[in-house]
Amino acid sequence: MKQFAVILKIELRLFARDFFSFFFTLVFPFLMLLLFGGIYGNKPVYAGAAVGMMDVSVPAYAVMVTGVTGLMSLPLTLSGYKEKKIYKRFDATPAGKKKIISAQVLVNFIMTLIGIFILLIAGKLFYHIQIFGGFFQILVSILFSVAAMFSMGFLFTAIGRDLKSASLLCYLFYFVMLFLSGATIPDIMFPETMKKIAKFLPMTYAVDLMQGIFSGERLGAHKMEILVLGGVAVVCTLIGAVLYRRKDWA
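This is the structure we're talking about:
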């Protein structure tokens with residue numbers, strides 16, 4: 015346990031020193047909140063709507079945070095460590111590679127929660143967002159989003175032969191989903207063609223789930239979103255595990 019605590023502390027420091035991960039996890043979503051909040055305020059998303067623009071944007075930006083940690087920070091860290099043979103070195107120590115991998119997953123999960131917390135506080139302070147969902151249901155929706163995004167990142171790391179190829183996959187899928195899922199601009203503004211394309215993107219279901227739960231809907235009303243996100247998490251994890259067994263993971 016003491017070994018794991020030391021590794022966790024080191025990985026937290028490395029995350030904080032990585033400008034890309036730190037900025038896009040904690041700062042960029044906050045800047046998006048200020049930018050679009052300054053443009054639209056928290057006015058109703060359409061005439062007669064009970065929720066405002068920031069009410070639906072904050073949970074969407076929360077999914078953006080899970081996308082950064084799950085599709086970019088974690089998989090690229092795993093790929094980089096694997097390429098530099100760092101895991102092989104840890105296998106030669108009492109700590110082993112499992113502890114460092116677990117620490118990396120936990121660090122990214124912690125930073126995800128911090129990033130979401132910053133968004134919620136900023137949304138409340140600056141735009142008085144309304145949160146009708148209960149703590150437990152919001153936590154469950156975050157966990158489903160995290161599971162899906164992290165598992166996809168794990169799969170891309172397994173598919174990529176090296177850091178460059180893994181980076182290409184992560185960047186491509188992250189930015190496509192970021193702009194077409196409603197994580198940046200509410201999908202109510204999308205034309206029908208874009209809405210049809212968005213239905214094929216896992217992040218779309220994460221955004222729909224988070225927005226629904228934040229607006230007070232129950233988890234039972236989002237069976238499709240939970241099924242899709244849970245299915246993505248299971249399938250990507252299993253395929254990634256199979257691919258890793260066929261490769262020199264260490």
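Going by the working numbering, the letters in the sequence shown line up with residues 15 to 264, in that order. Glycine is no exception: its CB is placed at the ideal position from the N, C-alpha and C atoms. These numbers come from a predicted model, not from an experiment.
Exercise. How many Å lie between Leu88 and Gly167 at the Cα?
Worked result: Here residue 88 refers to the residue found at position 74 of the sequence shown. Here residue 167 refers to the residue found at position 153 of the sequence shown. Pairing Leu88 with Gly167, the inter-Cα distance amounts to about 7 angstroms.
Problem set entry | Ala76 burial status per 10 Å Cβ neighbour count (16 or more: buried) | Within the sequence shown, residue 76 is the residue found at index 62, counting from 1. Buried.
Exercise. Mapping DSSP to helix, strand and coil, what is Ala264?
Worked result: As a first step, residue 264 is located in the sequence shown; it is residue number 250 there, counting from the start. At Ala264 the pLDDT is 49, less than 50, meaning the model places this residue with poor confidence and gives no usable figure here.
Exercise. By DSSP, does Gly66 sit in helix, in strand, or in coil?
Worked result: Start at 1 with the first residue of the sequence shown, and residue 66 comes out as number 52. Strand, per DSSP.
Exercise. How about Ala162 and Val221: do their beta carbons lie closer than 8 angstroms?
Worked result: For this step, residue 162 is matched to residue 148 along the sequence shown. For this step, residue 221 is matched to residue 207 along the sequence shown. In this structure, Val221 does not lie closer than 8 angstroms to Ala162 by Cβ.
Exercise. What whole-angstrom Cβ distance do Ala197 and Met78 have, given they're in contact under 8 angstroms?
Worked result: Numbered from its first residue, the sequence shown carries residue 197 at position 183. Numbered from its first residue, the sequence shown carries residue 78 at position 64. Rounded, the Cβ-Cβ distance is 5 angstroms, consistent with contact.
For this session: Along the alpha helix (DSSP H) that carries Lys98, what are the first and last residues, could you check?
Result: Working through the sequence shown from its first residue, we reach residue 98 at position 84. Unbroken run through Lys98: none, as it is neither H nor E.
Problem set entry | beta strand (DSSP E) runs wholly inside the segment 230 to 261, at least 3 long, in chain order | Listed in chain order, nothing qualifies, since the segment 230 to 261 has no complete beta strand (DSSP E) run of 3 or more residues.
Exercise. Can you name, in chain order, every residue of its own chain whose Cβ lies under 7 angstroms from the Cβ of Ala30, other than the five neighbours on each side?
Worked result: By 1-based counting over the sequence shown, the position of residue 30 is 16. A distance below 7 angstroms between beta-carbons, with the five flanking residues on each side excluded, links Ala30 to the following residues of its chain, in chain order: Phe36.
Exercise. When you compare only the Cα positions, how much space is there between Ile100 and Arg175?
Worked result: As a working note, residue 100 is residue 86 in the sequence shown. As a working note, residue 175 is residue 161 in the sequence shown. Approximately 16 angstroms between the Cα atoms of the pair.
For this session: Inspect the beta-carbon positions of Gly230 and Gly147 and report whether they are closer than 8 angstroms.
Result: One-based indexing of the sequence shown puts residue 230 at position 216. One-based indexing of the sequence shown puts residue 147 at position 133. Contact: yes.
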